[in-house]
Amino acid sequence: MSRIGRLPIPVPAGVDVTIDGQAVSVKGPKGSLTHVVAAPIEIGKGEDGTLAVTRPNDERQSKALHGLTRTLVANMITGVTAGYRKSLEISGVGYRVAAKGSSMEFQLGYSHPILVEAPEGISFVVESPTKFHVDGIDKQKVGEVAAKIRKLRKPDPYKAKGVKYAGEVIRRKVGKSGK
1 MSRIGRLPIP VPAGVDVTID GQAVSVKGPK GSLTHVVAAP IEIGKGEDGT
51 LAVTRPNDER QSKALHGLTR TLVANMITGV TAGYRKSLEI SGVGYRVAAK
101 GSSMEFQLGY SHPILVEAPE GISFVVESPT KFHVDGIDKQ KVGEVAAKIR
151 KLRKPDPYKA KGVKYAGEVI RRKVGKSGK
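Numbering of the sequence shown is given in UniProt numbering, commencing with residue 1 and proceeding in unit increments.
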């Protein structure tokens with residue numbers, strides 16, 4: 001049995017989990033999320049307010065989906081209770097970010113400013129002109145939006161200029177040596 005998949009999923013107080021066939025809905029203080037579970041995997045409510053993820057057989061596909069499904073449902077519960085946050089930093093002369101309502105405007109060394117709209121369920125927090133956060137309840141969506149923003153100007157390996165995750169270490173290259 002999958003080491004991750006066999007662990008019960010604790011459901012904290014204030015979180016309502018509804019299982020309707022293969023659809024799992026999680027409702028909490030920050031919002032609600034829904035996920036459709038893949039066919040062979042089953043989710044049931046266990047004793048003492050937990051959820052249990054089971055698989056019918058030991059086929060390779062079932063084993064792969066077992067741990068994945070358990071992690072996705074656990075991430076949904078964490079999202080509706082605490083939420084998720086990705087912190088990003090901008091480094092480089094003249095590179096900055098400014099909040100414009102629910103969107104952000106980036107100056108990243110191009111000839112034009114770049115406007116990034118917040119998708120549904122995502123919010124932006126601008127801490128300073130060089131630090132900002134992507135917040136939301138869906139872990140996958142938060143990571144996807146943060147990755148798209150980082151892709152606007154990836155960190156340069158020579159000067160480490162660009163948009164990077166907070167705490168990310170950029171592998172630096174040595175420039176060419178002059179004679």
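Quick reminder that beta carbons are idealized off the backbone N, C-alpha and C, glycines included. All values reported here derive from a predicted model rather than from experimental measurement.
Asked                                                                                                                      : Found
Opening and closing residue of the alpha helix (DSSP H) in which K141 lies                                                 : 139–152
Same chain, Cβ closer than 7 Å to M76, five either side skipped, listed in chain order                                     : V26, L33, H35
Nearest-angstrom beta carbon gap, I43 and I19 [assumed within contact, 8 Å]                                                : 6 Å
Whether G79 touches D138 by CB criterion (8 Å)                                                                             : yes
Environment of V174 [buried if 16+ CB atoms lie within 10 Å]                                                               : exposed
Beta-carbon contacts of D156 that lie in its chain and below 6 Å, excluding the five residues immediately before and after : G162
Reference P100, options G109, V93, F132, closest by Cα                                                                     : Sequence inspection shows Lys at residue 100; the Pro mentioned does not correspond to that position. Of the listed residues, the one whose Cα sits closest to K100 is F132.
Contact the stretch 58–67 vs the stretch 112–132: 3+ CB pairs below 8 Å                                                    : no
Sheet register partners of D135 (DSSP bridge)                                                                              : R85, S123
First and last residue of the uninterrupted beta strand (DSSP E) at S32                                                    : 31–36
Continuous beta strand (DSSP E) assignments of at least 3 residues falling wholly in the stretch 41–100                    : 42–45, 50–54, 84–91, 96–100
Spatially closest choice to R96 from T71, V126, A82, G83, by CA coordinates                                                : V126
Cα-Cα separation, A146 to L72                                                                                              : 19 Å
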